[in-house]
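What follows is one structure encoded as structure tokens, with my remarks underneath.
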Amino acid sequence: MAAIEAAGSSTRHQVVVIGSGFGGLFGTKALRQVDVDVTMIAKTTHHLFQPLLYQVATGILSQGEIAPPTREILSGQHNARVLLGEVTGIDLEARTVTSQVLGRETFTSYDSLIVAAGAGQSYFGNDQFAEFAPGMKNIDDALELRGRIFGAFELAEIGATRGENVDHLLTFMVVGAGPTGVEMAGQIAELAHRTLKKDFRAINSREARVILVDAAPQVLPPFGQKLGAKAKEELEKLGVEVILGAMVTDVDERGIEMKFKDGRVERVDSVTKIWAAGVAANPLGRTLSEQTGAPLDRAGRIAVNPDLTLPGHPEVFVVGDMIALDNLPGVAQVAIQGAKYAAKEIDHRLKSKPSQGPFHYFDKGSMAIISRFRAVALIGKLRFTGVIAWLMWLALHLIYITGFKNRITALLHWAVSFIGRGSSERTTTEQQIFARSALGRLKRGAADLVSDPGAYDAARALLETTRRAELEAQAAEEARLTDSRERGVNAEQRV
Ligand SMILES: Cc1cc2nc3c(=O)[nH]c(=O)nc-3n(C[C@H](O)[C@H](O)[C@H](O)COP(=O)(O)OP(=O)(O)OC[C@H]3O[C@@H](n4cnc5c(N)ncnc54)[C@H](O)[C@@H]3O)c2cc1C
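The C-terminal position of the sequence shown is numbered 717 in this note's numbering, with every residue numbered one higher than the one before it.
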């Protein structure tokens, strides 16, 4: 199959940006006024606001509100174009990026490259857990979890109606007590205890168990001991059971096995498990490491120079969750600020201005929401809890949700959920839950479901050749009939 070269005819400096997340989008936008052509290549057509994924999983927000189309966001930026594709190769010598969609391969050349491909879930070497305990990194994850969570209540209702024990269906386990795990556990508890409390007849949704488990000795380690203890207290008030110092050693269809520091092993039966524990940087980091010698850390993050470039390749910037630099955390602001820095550096070079010097991250603070009206926030040395922290969380997330339309609808959905007890986005389908495992069984994934690139053209060419031969034969026969006057005789005979 022939690959297509995606380069345009422009002689301007070509910037390729990999990823449409925080780093990719903010980097592209920061190049708006710069005399370059930007090609953003990403494997999804949307920009995902990951911090609110848990609200899609628990039916508060719709996926569209947190994942607007990148093409629409950038429609007014005339020096930028968007190319759908999963980047499968980066050739630093040739300065090309290879991307693919359903077997269609594209090469894109660059003068400068910004790699912002983010991170995925890590199961710490136990990838087999993923089938039973999905992580929460993308829209597919969130919709699958939505289906599993609401589906568990439905199955419990059926089981209870038949007189069966449904404890395993009404036990929800969240692995990982970082911000995502805390937010998820808090929200499932709200669903069980508030949102769904009047909706079932055979089960009492308030009896559902929500368990948050982590090997660490405290909840929210990066927030410090005091805020961690406060978050744990708030979760327990909501009815979440918090188990700390317990390592998850096995996960299967029906439950989880945990090992405690004293060697004790405990199993909890739970059909719905959510993995919010580990992070692994995008595998593109390995490709870059192999070509530059820049080392990778245990999470697969690549060591970059202080100006976010790769050793020996000042034209390649890596930003966001993929980098290992000065212990920077994997948060949105690191990606946003890094990408803006890279864009400015490209601009300076084109204008022969001096470099900005090393990249400095400005820590604007961290927040985690526990439930409605309850959150924790750490800003510098200041700690906030309760309603104040929750209001700060609300304001900040509203500012960062992309697009005015999405802000308004998110605000309405929050009013429904936080002031009322509703959850407007509870639609789930069988495909959301099972389609991914079905796709996973295909050798080449979705590519197995579509014709190979060029297969249609080849089939049409074959058809045309056969048809042409038929027409030629027909024409020859017509000529023979006319020459031998057989046609006329036949025609006369018919009359
Ligand atoms: C559930 C969750 C909650 C979070 N909550 C918070 C929070 O409250 N506050 C906070 O600051 N941070 C939070 N984070 C972290 C924050 O979202 C990340 O730090 C941030 O998204 C990193 O930005 P990035 O650009 O490096 O990667 P991402 O935003 O993940 O973007 C990566 C992009 O690369 C694309 N991509 C990946 N591989 C390829 C490929 N091979 N080819 C083409 N495209 C590719 C992806 O589709 C995506 O568009 C949260 C993360 C998660 C998962």
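Where is the CB? At the ideal position from N, CA and C, for every residue including glycine.
Using the Cα positions of residue i and residue j, report the straight-line distance between them to the nearest angstrom.
i	j	result
E190	A681	Nothing can be reported for residue 190, as the shown portion of the chain is limited to 223 through 717.
G515	H535	11 Å
S646	L634	10 Å
R643	R431	19 Å
A506	D389	The question names Ala, but residue 506 in the sequence shown is Leu. Roughly 42 Å between the two C-alpha positions.
V473	R648	27 Å
R596	V441	15 Å
P528	I295	31 Å
E456	A411	12 Å
Q559	G246	11 Å
F584	K562	13 Å
H269	R571	28 Å
R254	L547	27 Å
D705	E699	10 Å
G602	I361	32 Å
M358	T292	21 Å
K454	V464	7 Å
D522	A339	The sequence given here places Gly at residue 522; Asp does not occur at that position. Answer to the nearest angstrom: the Cα atoms are 12 Å apart.
K627	K483	49 Å
Y622	G450	25 Å
M469	V462	18 Å
L335	T310	15 Å
Taking 8 Å as the limit between beta carbons, can you name the residues of its chain near residue i, skipping five residues before and five after?
i	result
A719	One cannot answer for residue 719 here, as it falls past the ends of the chain, which runs 223 to 717.
A669	L324 and G325
V717	Residue confidence is low: V717 scores 38 on pLDDT, short of 50, so the model does not pin down where it sits. Its coordinate-derived value is still stated next. Nothing meets the Cβ criterion.
Pick from the options: whose alpha carbon is nearest that of residue i?
i	options	result
N348	E512, S673 and A502	A502
A617	R605, I591, H235 and G381	I591
I478	I568, A364, K603 and T393	T393
T730	G307, E412, R317 and S334	Lying outside 223 to 717, the shown extent of the chain, residue 730 is not represented and no answer is given.
D259	T250, A414, T267 and K459	T250
T624	Q285, I240 and Q236	Q285
V540	D548, A525 and A669	A525
P444	V553, L434 and V337	V553
E429	I312, L418, V435 and D548	L418
V304	L664, G241 and K454	G241
G400	E315, K603, R476 and L466	L466
F271	G357, L620 and V538	L620
R476	H268, F354 and H269	F354
L275	A378, L365 and R416	L365
V493	E376, A668, I568 and I282	E376
T607	G403, D362, L367 and K452	K452
E537	L550, K627 and R317	R317
K265	I282, Q322, Q277 and G311	Q322
Return the first residue and the last residue of the beta strand (DSSP E) that residue i is part of.
i	result
E308	E308 to D313
I295	From DSSP, I295 is part of no beta strand (DSSP E) but of the alpha helix (DSSP H) over T292 to I295.
I410	Run containing I410: none in the beta strand (DSSP E); it sits in the alpha helix (DSSP H), P401 to E412.
Q236	H235 to I240
Q322	T318 to V323
F329	R326 to S331
A264	V258 to A264
L434	R431 to D436
With a CB to CB cut of under 6 Å and the five nearest residues on each side skipped, what residues in its chain are close to residue i?
i	result
M730	Because the chain in this structure spans residues 223 to 717, residue 730 falls outside the shown range and cannot be described.
A701	none
T330	A228, V238, T261 and V319
V638	G644 and S646
V672	L324
S593	G408, E412 and L460
D333	H235 and Q236
I425	A378, E379 and A382
A713	No answer about A713 holds up, because its pLDDT of 47 lies below 50 and its placement is not dependable.
R489	G477 and E479
Going by the C-beta, is residue i closer than 7 Å to any heavy atom of ligand 2?
i	result
L413	Looking at this structure, you won't find ligand 2 anywhere; what it does contain is ligand 1.
Residue i lies in the alpha helix (DSSP H); which residues open and close that run?
i	result
L633	F626 to W636
S511	L506 to T514
A617	G608 to Y622
G662	E652 to G662
K566	A554 to L572
K251	F244 to A252
G286	Q285 to I288
A279	L275 to A279
Tell me which residues share the same chain as residue i and place their Cβ nearer than 7 Å to its Cβ, disregarding the 5 neighbours each side in the sequence.
i	result
T631	E287
L391	A374, L377, A378, G381 and V493
D569	V256
A499	V397 and G398
Q447	Q440
Every unbroken alpha helix (DSSP H) inside the segment 443-468 [4 residues or more]: Secondary structure remark: continuous alpha helix (DSSP H) runs of at least 4 residues inside the segment 443-468, in chain order: 446-459.
Return the chain-ordered ranges of every alpha helix (DSSP H) run that is complete within the segment 344-401 and spans a minimum of 4 residues. 361-383, all fully within the segment 344-401.
Fully enclosed by the segment 464-494, which beta strand (DSSP E) runs are 3 residues long or longer? For the segment 464-494, whole beta strand (DSSP E) runs of length 3 or above, ordered along the chain, are 468-473, 477-482 and 487-491.
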